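Take the sequence shown: its position 238, counting from 1, is numbered 238 in the UniProt record's numbering, and each next residue is one higher.
Below: the structure, in structure tokens.
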Amino acid sequence: MSLKSGSNEEISQVKSSCKLALKELSRWMIPEKVKTSLTTYPSSAEIVSEPLGVVLVISTWNFPFLLSLDPVIGAISAGNAVVLKPSEIAPATSLLLSNLVEEYLDKSAIRVVEGSVDETTALLEQKWDKILYTGSARVGRIVMAAAAKHLTPVILELGGKCPAVVDSNINLQVAVRRIIYGKWACNNGQACIGVDYIITTKDFAPKLIDALKYELEQFFGKDPMESKDMSRIVSSSHFARLAMLMDDDLVSDKIVLGGQRDVNQLKIAPTILLDVPEDAQIMQEEIFGPLMPILTVQKVEDSFKIIQSKPKPLAAYLFTNDEQLKKNFVQNISSGGMLINDTIIHVATDGLPFGGVGESGMGSYHGKFSFDAFSHKKAVLYRSFDADASIRYPPYTTQKQRL
Ligand code: NAD
């Protein structure tokens with residue numbers, strides 16, 4: 001499946017999730033036979049998937065259609081009723097979802113509740129059978145605390161600082177185009193699995209930066225602020241946060257490309273910063289915008305320590321042709337997902353679970369993992385009345401204990 005950024009892609013991914021569920025559901029539902037032990041002989045056993053009940057999906061704004069409906073598809077496939085709370089920060093999509101669900105879907109099984117903090121707080125006071133929340137770790141903690149009161153299980157789809165490690169033995173043009181896609185072409189950096197920062201070697205950094213500059217101009221023109229393919233920043237508060245990261249005294253002289261911004265249009269140009277200090281704010285929090293710090297190291301393997309010193313990211317990217325480096329990266333870096341020699345598109349592989357680890361979240365979904373995420377896996381053992389071994393029953397005589 002190809003991945004373009006923008007709303008077309010969101011719609012096509014939702015369609016493909018629906019098609020997959022319709023095609024595979026009867027297979028996903030089949031109880032899974034498992035082996036039994038000598039202790040229960042003779043017997044048979046299976047794992048039966050059953051619906052959890054009524055689930056709550058709280059969605060976010062950056063892919064407001066996909067991140068609302070994809071979890072809903074999983075919840076409905078598994079036989080649950082769902083309440084969806086879209087993000088108030090994408091109000092047009094929230095309203096559209098509410099209208100379309102009301103018009104076309106079964107109201108006894110799916111409802112949309114629009115609203116912001118007050119409405120979400122009221123929803124969280126109810127008892128749910130599962131909650132899937134997509135958004136920030138800050139609100140994730142609020143959701144989990146509210147769920148704990150009812151012992152409700154949660155899936156938290158959060159974010160983090162997704163690194164891209166760039167080795168020198170690569171197809172530079174392809175790598176750079178894919179990095180640009182994974183940073184600026186996807187919502188101008190406002191994507192949970194967007195590249196947050198790059199680590200490369202000191203020697204290779206100038207070549208990489210030249211290639212980034214060249215390809216950025218091919219994609220967005222000489223003046224990216226005029227490009228129709230460049231997303232705006234979602235709100236003035238996010239704009240102010242990004243401006244603060246750029247104006248930090250520790251990094252303001254590190255900008256090697258971009259830096260232009262227009263608060264009235266909420267636009268920020270692709271901005272590259274070289275050798276920012278690790279204690280600068282831009283390296284302490286998820287950027288979620290078009291600023292790209294590049295850190296340099298002596299050897300590419302030195303990047304591992306930097307990544308390991310931070311909370312576990314939702315995605316980690318590596319560009320290399322070195323097979324041993326690929327192996328070491330997979331074995332030593334912990335992240336929700338991982339993609340070698342590309343960015344973002346692992347999300348479109350239905351056979352892979354999508355979710356975070358540690359600070360980037362818990363639980364996962366997509367494809368069959370969505371069905372499983374919203375099912376209870378009931379353990380069922382079948383026995384006959386045969387072979388009723390007396391050894392398990394009292395009195396526990398010495399003779400029985402010897403057996
Ligand atoms: P957010 O956490 O502020 O909001 C998301 C949802 O939480 C909205 O529906 C909102 O109404 C609700 N909400 C906000 N404040 C609340 C409160 N105090 N109490 C209860 N509910 C509240 O979203 P954000 O911070 O703008 O989103 C960006 C974050 O989301 C980034 O960290 C990004 O990486 C992450 N994200 C993750 C994924 C993923 O699939 N893992 C996808 C997109 C975004």
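From the three backbone atoms N, C-alpha and C, an ideal C-beta is built for every residue, glycine too.
On a predicted model such as this, the values are computed, not experimentally measured, just so you know.
Practice problem: Take every Cβ of the segment 45–59, pair it with every Cβ of the segment 127–136, and state whether three or more of those distances are shorter than 8 Å. | Solution: yes
Practice problem: Could you say which of SER37, LEU52, LEU291, VAL14 lies nearest to LYS378 if we only look at CA atoms? | Solution: LEU52
Quiz item: Comparing the CB of LEU245 with every heavy atom of ligand 1, is any distance shorter than 8 Å?
Solution: no
Exercise. Indicate whether LYS326 and ILE340 have their beta-carbon atoms separated by less than 9 Å.
Key: yes
Quiz item: Does ligand 1 have a heavy atom nearer than 8 Å to the CB of LYS85?
Solution: yes
Practice problem: Would you give the residue range spanned by the beta strand (DSSP E) that PHE319 belongs to? | Solution: Taken as a continuous stretch (DSSP letters only), the beta strand (DSSP E) holding PHE319 covers 315–319.
Exercise. If I'm right that ASN169 touches THR296 with Cβ under 8 Å, what's the distance once you round it to whole angstroms?
Key: Rounded, the Cβ-Cβ distance is 17 Å, inconsistent with contact.
Quiz item: Alpha carbon to alpha carbon, how far is SER37 from THR201?
Solution: 55 Å
Exercise. Work out the CA separation of ASP196 and ARG177 for me, nearest whole Å.
Key: 16 Å
Quiz item: Is ASP350 near SER16, with beta carbons less than 9 Å apart?
Solution: yes
Exercise. Quick one: grab the DSSP three-state call for ARG392.
Key: helix
Quiz item: Terminal residues of the continuous alpha helix (DSSP H) containing TYR104?
Solution: 91–104
Practice problem: Work out the CA separation of SER335 and GLU323 for me, nearest whole Å. | Solution: 19 Å
Self-check item: Three-state secondary structure assigned by DSSP to MET1
Solution: Below a pLDDT of 50, predicted positions are generally treated as unreliable, and MET1, at 36, falls in that range; no measurement from the model is reported.
Practice problem: Count the CB pairs spanning the segment 281–293 and the segment 237–247 that are closer than 8 Å, and state whether there are at least three. | Solution: yes
Self-check item: Bounding residues of the beta strand (DSSP E) (the contiguous stretch that carries ARG232)
Solution: In the DSSP annotation of this structure, ARG232 is not part of any beta strand (DSSP E), being labelled neither H nor E.
Exercise. Could you give the DSSP three-state label for ILE344: helix, strand or coil?
Key: coil
Self-check item: Separation of LEU273 from ASP302, as counted between CA atoms
Solution: 19 Å
Quiz item: Going by C-alpha distance, which of LEU158, LYS400, TYR393, VAL380 is nearest GLU43?
Solution: This sequence places Ser at residue 43; Glu is not what is there. Answer by Cα proximity: VAL380.
Quiz item: Would you say the segment 150–160 touches the segment 108–128, given that touching needs at least three Cβ pairs under 8 Å?
Solution: yes
Practice problem: Kindly give me the distance between the Cβ atoms of SER236 and ASN187, rounded to whole angstroms, as I take these residues to be in contact under 8 Å. | Solution: Contact flag wrong, Cβ pair sits at about 17 Å.
Quiz prompt | PHE371 beta carbon less than 9 Å from that of SER49 | solution = yes
Practice problem: In angstroms with no decimal places, state the Cα-to-Cα distance between THR397 and LEU403. | Solution: Whole-angstrom Cα-Cα distance: 10 Å.
Quiz item: Between PRO395, ASP106, ILE268, ILE233, which lies nearest to ASN80 when the distance is taken from Cα to Cα?
Solution: ASP106
Practice problem: Identify whether LYS400 lies in helix, strand or coil by the three-state DSSP scheme. | Solution: helix
Self-check item: Host alpha helix (DSSP H) of LYS85 (start-end)
Solution: Careful: LYS85 lies outside any alpha helix (DSSP H), inside the beta strand (DSSP E) at 81–85.
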